[in-house]
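Residue numbers (the working numbering): 49 to 229.
Here you go:
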């Protein structure tokens, strides 16, 4: 029995360190510039917001969730097909699979890991998921059909997927499913 308790005690910190996301919601009902991100206990864990709150520059974002923080920015000023997520000494590249098709993305993280995110239904942006389960399951969908202000996240990704990679997935869904004022 003591051996099993020791094993559970050793495993417990790994479970605690796994950052599992459960949802995202706009901070304000009439703006898509500020987002709350929720953890497994459905408590607000952090935020994602436009870096420049004035003007109409949607090309740079900051995120902060507990002790995780970083930024997201468009890689080339006039090319919305490529983004970078930076955080925790990791750079994640985010690109459309096909030029100007914003419903199918490839997220490239450390160690040549690639995650392919796409809309579940090609003509609707209410549901997104990974195209294969090689690194676990990830899915996002609106809590109310046609309302991009409130999202549920199913985050069953393996621990090798970094937090910046998870934020890349969340960002692409929120950014490409929401209107820009």
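Where a beta carbon is used, it is the ideal one built from N, C-alpha and C, also for glycine. Here the structure is a predicted model, which means the values were calculated and not measured.
- Unbroken beta strand (DSSP E) stretches of 3 residues or longer found wholly inside the region 165 to 227: 175 to 178, 184 to 190, 198 to 205, given in chain order.
- The beta carbon of residue 125 is closer than 8 Å to those of 107 in its chain, skipping five residues each way along the sequence.
- About 5 Å separates the CB atoms of residue 112 and residue 94; that is less than 8 Å, so the two are in contact.
- A direct Cα-Cα distance of roughly 20 Å separates residue 135 from residue 186.
- DSSP places residue 91 outside any beta strand (DSSP E), giving it a letter other than H or E.
- In the assembly as shown, residue 169 is an exposed residue. Its beta-carbon has fewer than 16 other beta-carbons within 10 Å.
- Ranked by Cα distance from residue 92, the options 77, 100, 70 are led by 70.
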